[in-house]
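Engineer: There's a structure below that I have some questions on.
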Amino acid sequence: AKEHGRSRTEVFTTALRDAILIRHRLQTDLTRAIEAREVFLLYQPIVRLTDGGLIGFEALVRWRHPELGLIGPDRFIPIAEETGQILPLGRFVLEEAVRSLKRWRAQSGLPITVNVNLSARQMWDAPYVEDMLTWLAETGVEGLKIEVTESMTMSDPDRALAILGRFHDLGIPLCMDDFGTGYSSLSYLGRFPFDVLKIDKSFVSDLAPDSGRARLVRGIVNLAHDLGLDVVGEGVETAEEQAILTGLGCDYAQGYLFARPLPVDDAGSWVRRAAS
Ligand code: C2E
Ligand code: CA
Ligand code: CA
Ligand code: CA
C-alpha cells in the first residue's frame with residue numbers, strides 16, 4: 570500500500586477522525602435542526618396481504634441537513650439516544666405523526682393507523698413518559714400504535730412491562746418490532762401485552778418456498794396467532810416474498826414492493842385512493 574501514498578494506519582486514522590467530526594457535527598446541529606424543521610417524517614404504507622388494501626403507515630424520521638444532505642435515522646438516532654436529544658426529537662415525531670393520523674382519519678372516514686417508533690431512552694424516562702401519556706390522553710390516540718424492540722425491554726423486563734402497560738391501558742396497541750433479531754423472543758411474547766408482531770426483514774428477504782426459513786416463518790406466524798397477535802412482514806421487496814408470506818398466513822406487509830417511505834402528501838394520496 571506504500572506506493573499508494575498513505576499507509577493503512579493513516580487511512581484508518583483519517584476515516585476515524587472524519588467519523589468523529591461528523592458525529593460531533595450531527596450532535597451539535599441536531600437540537601437546532603428540530604426547531605428549524607430540518608427534521609421531518611416519511612410514512613411507509615402497511616397493507617393487508619389478502620387484498621393489498623391500505624391499513625396504515627409507519628412513521629419514519631429523516632433529517633435534511635443544510636450541508637450534509639439527507640440523513641437517515643440509522644445515522645442520527647443512535648447519537649440522539651446517547652445525548653438525550655431523542656427526547657425532544659421523539660416528542661416531535663409523536664406529535665407530527667398524530668397530527669397526520671387525525672387529518673387522514675377525518676378526511677377519509679377510514680380507520681387508518683400510524684405506527685410510531687419508541688426508543689429506549691424515551692421509555693425509561695418516567696416524567697417524560699407521564700408527559701407523553703397526559704398529552705396522548707388529551708389529544709386522543711385512536712389509530713396510534715407504538716413500536717418497540719425487545720432489546721429495549723431486556724435490561725429490566727418488569728419495569729418495561731409496567732411502562733408499556735400504561736400505553737396499552739390508554740388503548741394504544743403495541744408492536745414488537747424487528748422480531749427474530751433479539752435473544753429471548755419467545756418468553757417476551759407471552760409476557761408483554763403485544764398486539765402486533767413485525768417479522769424482521771432478515772427473515773423475509775430471499776424467502777423461498779418450502780425452505781427452512783419459510784418453515785420458521787410459518788412457526789412464528791402460528792405462534793403469534795395462537796397468542797392473539799397480528800403479524801406484519803417487514804421488508805417485502807418481491808412478489809414472490811409477498812406470495813409466500815400470504816401462503817404462510819401472515820396478515821400484513823410493509824416493504825418496497827408496495828411503497829417506499831413516502832412524503833406526507835403522497836401518503837395522503839394513498840389514503841384518498843383507499844377511501845374512493
Ligand atoms: P425500523 O423501525 O425497523 O424501520 C423499518 C426500516 O426498514 C426503515 O428504514 C424502512 O425504510 C426500511 N424498509 C422498509 N421497507 C423496506 C424494504 O423493502 N427493503 C429494505 N431493505 N428496507 C426497507 P429507515 O427509515 O432507514 O429507519 C431505520 C431505523 O431507524 C428504523 O428501523 C427504526 O429503528 C429507526 N427509526 C426510524 N424513525 C424513527 C423514529 O422516529 N424514532 C425512533 N426511535 N427510531 C426511528
Ligand atoms: Ca419500526
Ligand atoms: Ca422493523
Ligand atoms: Ca430496526
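Counting from 570, one number per residue, gives the positions in the sequence shown under UniProt numbering.
Note that the Cβ used here is the ideal one computed from N, Cα and C, for glycine as well.
Please determine, among D598, V790, I648, L618, the residue with the shortest C-alpha to C-alpha distance to H634.
Structural biologist: Per the Cα distances, D598.
Engineer: Taking just the CA atoms, how far does F645 sit from E579?
Structural biologist: Whole-angstrom Cα-Cα distance: 26 Å.
Engineer: How many Å lie between L679 and W673 at the Cα?
Structural biologist: Straight-line Cα distance between these residues: approximately 8 Å.
Engineer: Could you check the C-alpha separation between D799 and V765 for me, to the nearest Å?
Structural biologist: Those two C-alpha atoms are separated by around 5 Å.
Engineer: Given this structure, state the Cα-to-Cα distance separating Q613 from A844, to the nearest angstrom.
Structural biologist: Approximately 17 Å, taken between the alpha carbons.
Engineer: Near I655, what residues of its chain come up, given a Cβ to Cβ distance below 8 Å and the 5 sequence neighbours on each side ignored?
Structural biologist: Closer than 8 Å at Cβ, skipping near neighbours: I646, A649, S688, R690, Q691.
Engineer: Under the rule that 16 or more other beta-carbon atoms within 10 Å means buried, what is Q811, buried or exposed?
Structural biologist: Label assigned to Q811: buried.
Engineer: Measuring alpha carbon to alpha carbon, tell me which of C744, R586, G622 ends up nearest W839.
Structural biologist: Of the candidates C744, R586, G622, the one whose C-alpha sits nearest the C-alpha of W839 is G622.
Engineer: Tell me which residues share the same chain as T652 and place their Cβ nearer than 7 Å to its Cβ, disregarding the 5 neighbours each side in the sequence.
Structural biologist: Hits under 7 Å: Q596.
Engineer: Less than 7 Å separating the Cβ of V801 from some heavy atom of ligand 1?
Structural biologist: No, ligand 1 has no heavy atom inside 7 Å of this Cβ.
Engineer: What residues sit near ligand 2, counting only those whose C-beta is closer than 6 Å to one of its heavy atoms, in chain order?
Structural biologist: Any residue whose Cβ sits closer than 6 Å to a heavy atom of ligand 2 makes the list: E627, N686, E716, D746.
Engineer: Less than 7 Å between the CB of K671 and some heavy atom of ligand 3, yes or no?
Structural biologist: Outside the cutoff, so no.
Engineer: Is the CB-CB distance between L639 and I603 below 8 Å?
Structural biologist: Not in contact: L639 and I603 (Cβ atoms no closer than 8 Å).
Engineer: Starting from the C-beta of R592, find all residues in its chain whose C-beta is less than 7 Å away, skip the five residues before and the five after it, and write them out in chain order.
Structural biologist: Around R592: I648.
Engineer: Identify which residue in A675, V683, Q676 has its Cα closest to the Cα of V662.
Structural biologist: The shortest Cα separation from V662 among A675, V683, Q676 belongs to V683.
Engineer: According to DSSP, is P614 part of a helix, a strand, or is it coil?
Structural biologist: Correct three-state label for P614: strand.
Engineer: How many angstroms separate the CA atom of V790 from the CA atom of A783?
Structural biologist: Taking the straight line joining both Cα atoms gives about 10 Å.
Engineer: Starting from T718, trace the beta strand (DSSP E) in both directions and tell me its first and last residue.
Structural biologist: 713-718 is the span of the beta strand (DSSP E), which, as asked, contains T718.
Engineer: When the Cα atoms are used, what is the spatial distance from residue 535 to A822?
Structural biologist: The chain is shown only over 570 to 845; residue 535 falls outside these bounds and no answer can be derived.
Engineer: Would you mind reading off the limits of the alpha helix (DSSP H) that contains A628?
Structural biologist: A628 -> not in any alpha helix (DSSP H); beta strand (DSSP E) instead, spanning 623-634.
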